[in-house]
Amino acid sequence: MYTIKQAAARTNLAVATLRAWERRYGVVQPTRTAAGYRLYDDASLARLAAMRQLVVAEGWRPSQAAQRVLAADTDLGAIVDRTGAAALPVASDLRAAESASLAAGSIAAFVDAAGRFDVTGIDRVLDEAFAGQRFESALEAVVFPALDAVGAAWAAGEIDVGAEHAASEAVRRRLAHFYDASARGGQAAQIIVGLPPTGRHEIGAFAFAVAARRVGISVLYLGADVPLASWVDTVQAAAAPIVVLGVTVGSDVVATELVIEALHRSAAPPVCVVGGRLAGELPDVLGAIRLPQRLDDAVAVLSELLAAVEAPRR
């Protein structure tokens with residue numbers, strides 16, 4: 099029999115993940131000592147190791163992985179053997195595995211809380227994610243994948259669209275907090291960030307605005323569904339040299355084209371930059387600069403671009 103710490107070490111999982119998979123999916127049902135401490139047998143460790151392989155290594159959703167692991171005809175040894183690793187992992191691999199398992203547990207907790215309209219639970223996951231790592235790392239390891247998982251659960255009919263909206267709004271509120279906390283007072287806007295007309299999926303653009311502010315760039319964030327005329331008027335009034343538009347769904351592509359074309363016709367055309375999942379769908383003839391997907395990389399490109407644009411003004 100193994101204590102929870104021993105079980106976590108033997109399966110390369112975090113203690114919090116073991117508890118989460120027990121509570122939410124019933125993957126293991128450890129016995130208890132007289133003092134209430136969990137004890138795991140070899141069969142429990144086999145299920146946990148198989149669960150880890152499916153979730154961490156193969157990208158299964160935890161709920162689906164749990165169904166597979168608990169099925170009577172499942173060969174747990176065959177699942178674990180797919181790792182193909184005969185040697186013990188090195189320390190860096192163990193740290194990476196634990197980070198991945200922690201993220202998987204957080205994502206599962208986020209989806210579970212969203213499905214139950216448990217905003218307190220969602221906030222708890224966000225608290226832990228942002229407290230344990232950099233803002234940008236937390237977004238990419240936990241928050242973005244969690245929102246994707248919630249969207250997939252809604253598409254599969256597993257949760258209500260209201261739950262998806264509640265989860266997105268909880269994240270948006272958290273981003274607003276970071277945005278306000280990273281403000282640089284008294285500085286004119288260097289970039290304007292927002293979505294084109296009808297564009298509503300703003301989390302990625304808002305996160306980028308926060309990340310840019312965190313490195314000292316002065317950002318004016320306009321938010322979602324900015325009308326075409328407002329883009330032109332705002333750019334003229336703010337005189338920011340760079341505009342960043344988020345392109346996340348199909349309808350954003352054409353709408354973004356219209357914004358860029360209108361800005362090119364303005365008296366002082368800004369440099370137009372696009373980011374998001376469908377930024378690559380924009381025609382090259384527009385001349386828009388495409389940002390990398392990773393936040394750190396995107397901010398680095400924007401910083402270099404801003405330095406180049408502002409140099410002649412000095």
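Residue numbers (this note's numbering): 99 to 412.
Yeah, the Cβ is synthetic: ideal placement off N, Cα and C, and Gly gets one too.
Alpha-carbon to alpha-carbon, residue j and residue i
i, j, result
"E355", "P294", "9 Å"
"V259", "F215", "11 Å"
"T131", "D139", "13 Å"
"E379", "V351", "7 Å"
"T296", "V333", "19 Å"
"A106", "L146", "9 Å"
"A236", "A309", "12 Å"
"A261", "E408", "44 Å"
"A229", "A201", "13 Å"
"A184", "T109", "Caution applies to A184, whose pLDDT of 36 falls short of 50 and renders its modelled position unreliable; the value that the coordinates give is listed next. Spanning the two alpha carbons is a distance of roughly 14 Å."
"V386", "G157", "The amino acid occupying residue 386 in the given sequence is Ala; Val does not appear at that position. Going by the C-alpha atoms only, they are around 34 Å apart."
"R150", "R311", "37 Å"
"R117", "A163", "16 Å"
"G302", "R136", "41 Å"
"G115", "A155", "Note on residue identity: the sequence assigns Thr, not Gly, to residue 115. T115 and A155: Cα-Cα distance of roughly 15 Å."
"A327", "A360", "9 Å"
"R282", "M99", "56 Å"
"W252", "P368", "38 Å"
"I104", "L143", "Rather than Ile, the amino acid found at residue 104 in this sequence is Gln. Their Cα atoms are separated by approximately 10 Å."
Helix, strand or coil at residue i [DSSP, three-state]
i, result
"L237", "helix"
"T354", "helix"
"T109", "helix"
"T129", "strand"
"I387", "strand"
"V291", "strand"
"V330", "helix"
"A397", "Reading off the sequence shown, one finds Val at residue 397, where the question assumed Ala. In this structure, V397 counts as helix in the three-state DSSP scheme."
"I340", "strand"
"G348", "helix"
"R136", "strand"
"G297", "coil"
"L318", "strand"
"G124", "coil"
"V269", "helix"
"V259", "helix"
Top-ranked residue by Cα proximity to residue i, from the options
i, options, result
"P247", "S235, R232 and A212", "Before going further, note that residue 247 is Ala rather than Pro in the sequence given. Looking at the Cα atoms, A212 is the closest of the given residues."
"G67", "R311, A305, W252 and L318", "Residue numbering for the chain in the displayed model covers 99 to 412; residue 67 lies beyond these limits and cannot be assessed."
"L152", "Y135, L245, T172 and R270", "T172"
"S349", "S401, T101, A327 and A377", "A377"
"H263", "G249, F276 and R272", "G249"
"I358", "R375, P390 and P325", "P325"
"V383", "P390, D395, C370 and R375", "C370"
"V241", "H362, G203 and W252", "G203"
Anticipated Cβ contact below 8 Å, residue i with residue j, distance rounded
i, j, result
"A268", "D221", "6 Å"
"L403", "I340", "7 Å"
"A239", "V223", "Not really, about 12 Å apart at Cβ, beyond 8 Å."
"L318", "A336", "6 Å"
"V167", "V113", "Not a contact, Cβ separation roughly 19 Å."
"V397", "V313", "6 Å"
"V209", "A244", "7 Å"
Residue i at chain D interface by Cβ criterion, 8 Å
i, result
"L320", "Among the chains of the structure shown, chain D does not appear; only one protein chain is present."
Quick one: which unbroken alpha helix (DSSP H) runs of 4-plus residues sit fully inside the segment 144-171? Chain order, please.
160-168
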